[in-house]
């Protein structure tokens, strides 16, 4: 008798607690903005743009041939977080690099076209906070950051349009 | 003083009250009484009959009553009707009335598919910006955008309608007493004014409107809209459909709320019965 | 308070108890060691239910505060955001709005229980006073809370009621501008009302703690109004009243849920779903139902002066404010106005009638408050208002001269006599 009452009460308590907890989850209008579509046509080769997605910057770089060749040359043994270049881009769209622009060390926004690991024409990133450096595939090469720049979920709607999130 | 004082005191009481009432009603009859907390005089809108503030106490006719599908504890929104109602809003009402709190994505609630919603959104131009040059620009709508109002602000709307402001419809059903029947009565209730009632140029007679004169012309006429599902579009039908749509727009959570309510009430009823039995059991130990 | 334990009992419970005697404290206040009169009826449930309401309001209010924006151009929109976009936001909002009304229903019943059974009499005068303080704090909290959605009624209700302070002779106008933070109700007013509305419930919690502390000094009153004489008159609070209170909670939550899920706007005003507009006044400004009797008194007070001569000593506006606050302040004096040695109306046949008439008068005043103050309604309001204060005058005399019925010898004898009802 007491057990059934206790079980009922526990179910009730859980049922009451859930709306409070769930009300703190992202609301419908926030979720509606959880994916964006970006038109790639205005981004020239060698140019990097920054878009805002879920409150954070996303780097979109139109890589040059030199960037791609450079990235492919790097042996895995040299990388703190080994990842081949083709794993960091989509097949058929290797010239497009789409990454979350937040340094994996402590969260600052790295500067494009800076640092020693670019291919000389605007690639590579340098984080001004503690000196992390990323190469033309956004992989960590030097400095305190532990991981490569994170890739968001994204897909190409067509050759000139990418959907992030 | 042991004898029963109550009747004497009661008489004393009654005399005081009656005396007070007499003096006050006499004074009322003679003086111009100014009770404290009345509302300050309503500010006059530029034109004679503003559609917002009710100025006259209502000789409002009792409303026409409809049995809505969303009435009662098991009420639901008829999605087909709501979709037709949306069509009425879009083709008739949206010329003057905004629907600012509804986003295109919300329409999936009443049965539109994601593709339909995306297409609908794209058919609207949304103000956005500033761009990198610092200019505002227009772009096609996305599902996350909200409906575009017919006028950019209240002042523009008033200027376009002779000083009257067509209210936003997102909450109209909740903002009026017995909202669904009120809006239905209003839409179907336009008639010629009775003897002795004169209307200004931009006024129309409707016995269901507080003050009976409003700036909105009868918006509905038979066959005005060609329903996508083929239902004949009489004034009555369109009124019912648009009220259903507006009911959903004002309370999109209604169905979920009522369904949750039934579960909660059943649970509480069972649990309370349990507790009552437990209470009787525990108290039975006493005698 | 329990004696300090000199040795530590075994186990985790013993370890905690030795350092902070929380378990014995609970047992002594609401547990098996707190004796309670055995003949309490269901009217005694309402204090605990009021406590439940307070907790519910604080919890729902806290979660609403995570999404609400207290700024004049954004407040209404933020409430609609809660209703439409926040997960279960509509539930939080309706629970909080309905909860406020429920809180007042419960507290009014709790107060009238006190009036009927003489719970305000010695030695519980201070307990009664703390209760009045709680009521005043609740009224302030509810008034400010209603302004927060920034609808038409929010705005105009705030305007009308804060304007009352201009009735204070001399400094009235300055006081009102000080309250408003400006020359009309506007954003500064909204912001400070939000801050105070967030704070006051915690002040109420503090006063409730004092209220319960005062209660536990002499224990609860009971329907017979006679003191507990022997332990046979009592039962331990746990399990007898814990289970009864839980059942009471179940019934209360059932009624609460009917409103929240099926009639959430029935106690409110449709005009509050229209955004506040300082240029347009609604046709009828009406406060929430729990303020209606006081609103009636406020509007019914006439000019105080010499009738028929136009000589006015106190304007009806100021008189209204005095009358309205007076109608609550008078309760502070009730333990001395009521001079009867007998507590419970069960044994006071004349007072019993007066009680029901007083209750009817309060309900009448509530109805008057909802109607425009004109013509017959104004006269009715004045009669109701007069009767309200006449009740206390009459009570002074009746209580000192009334022939009361004979009291039972003790609670336990009375319970036995009626065949162990419970």
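Chains as they are written, first to last, in this note's numbering: chain U, 18 to 182; chain C, 4 to 290; chain P, -15 to 406. Positions of the beta carbon are idealized from the N, C-alpha and C atoms, including for glycine.
If you draw a straight line from the Cα of residue 53/P to the Cα of residue 68/C, it comes to about 38 Å. If one requires a minimum length of 4 residues, the alpha helix (DSSP H) runs lying completely within the stretch 109 to 183 of chain C are 117 to 125, 157 to 163, in chain order.
Residue 226/C is a Cβ neighbour of residue 236/C, given a cutoff of 7 Å. Annotation for residue 301/P: the continuous alpha helix (DSSP H) segment containing it runs 300 to 313.
Among the bridge pairs identified by DSSP, residue 145/P is matched with none. The count of Cβ pairs closer than 8 Å, one atom from the stretch 75 to 91 of chain C and one from the stretch 133 to 150 of chain C, stays below three, leaving the stretches out of contact. Residues of chain P whose Cβ lies closer than 8 Å to the Cβ of residue 34/U do not exist; the shortest such Cβ separation is about 10 Å.
Judged by beta-carbon spacing, residue 131/U lies within the 7 Å limit of residue 143/U, meaning their Cβ atoms are closer than that value. Residue 80/U sits away from residue 50/U, with the two beta carbons spaced by 7 Å or more.
Nearest in C-alpha terms to residue 169/P, of all of 217/P, 236/P, 128/P, is 128/P. Distance from the CA atom of residue 180/P to the CA atom of residue 164/P, rounded to whole angstroms, is 13 Å.
In this structure, residue 56/U and residue 156/U do not form a Cβ contact; the two beta carbons are roughly 27 Å apart against a cut-off of 8 Å.
Flagged as an interface residue toward chain P: residue 275/C, by a C-beta distance shorter than 7 Å. Residues of chain C with a Cβ closer than 9 Å to the Cβ of residue 118/U do not exist, since the nearest Cβ in that chain sits about 18 Å away. With respect to residue 233/P, residue 282/C sits apart: the two C-beta atoms are not nearer than 7 Å. Shown here for residue 204/P: same chain residues with a beta carbon closer than 7 Å to its own, the five before and five after excluded, namely 20, 21, 24, 28 in chain order.
Taking C-beta separations shorter than 7 Å and ignoring five residues to either side along the sequence, the partners of residue 135/U in its chain run 141, 153, following chain order. Among the CB atoms of chain U, one or more fall inside 7 Å of the CB of residue 70/P.
By the rule that beta-carbons nearer than 7 Å mark a contact, residue 125/C does not touch chain P. Contacts with chain P (Cβ-Cβ distance below 7 Å) from the stretch 24 to 53 of chain U involve 36, 37, 39, 40, 41, 42, 44, 45, 46, listed in chain order. In the structure shown, the three-state DSSP call for residue 180/U is strand. Contact between residue 386/P and residue 324/P holds, since their C-beta atoms are separated by about 6 Å, short of 8 Å.
Around the C-beta of residue 143/P, 16 or more other C-beta atoms lie within 10 Å, and the residue is accordingly described as buried.
About 7 Å separates the beta carbons of residue 172/C and residue 252/C, which is inside the 8 Å limit, making them a contact pair. Not flagged as an interface residue toward chain C: residue 270/P, since no C-beta distance is shorter than 7 Å. Proximity of chain C to residue 22/U at the Cβ level (cut-off 9 Å) is accounted for by 274, 277, 278, 281, in chain order.
Sorting 100/P, 217/P, 328/P by C-alpha distance to the C-alpha of residue 395/P places 217/P at the top. Contacts with chain C at 7 Å (Cβ-Cβ) do not include residue 37/P. Rounded to whole angstroms, the Cβ separation of residue 278/C and residue 219/P is 18 Å, and the two are not in contact under 8 Å. The way I'd put it, the stretch 363 to 380 of chain P doesn't touch the stretch 287 to 303 of chain P; fewer than three beta-carbon pairs between them come closer than 8 Å.
Residue range 6 to 14 is occupied by the alpha helix (DSSP H) that includes residue 12/P, with no beta strand (DSSP E) assigned at that position. Not flagged as an interface residue toward chain P: residue 166/C, since no C-beta distance is shorter than 7 Å.
When CB distances to chain U are screened at a threshold of 9 Å, not a single residue of the stretch 206 to 224 of chain C falls below it. If you ignore the 5 residues before and after residue 269/P, its C-beta comes within less than 8 Å of the C-beta of 137, 140, 141, 144, all in its own chain and listed in chain order. Against chain U, the beta carbon of residue 260/C has no neighbour under 7 Å; the closest one sits roughly 12 Å away.
Setting aside the 5 residues that flank it on each side, residue 108/C is surrounded in the same chain by 120, 146, 147, each with a C-beta closer than 7 Å to its C-beta; the list follows chain order.
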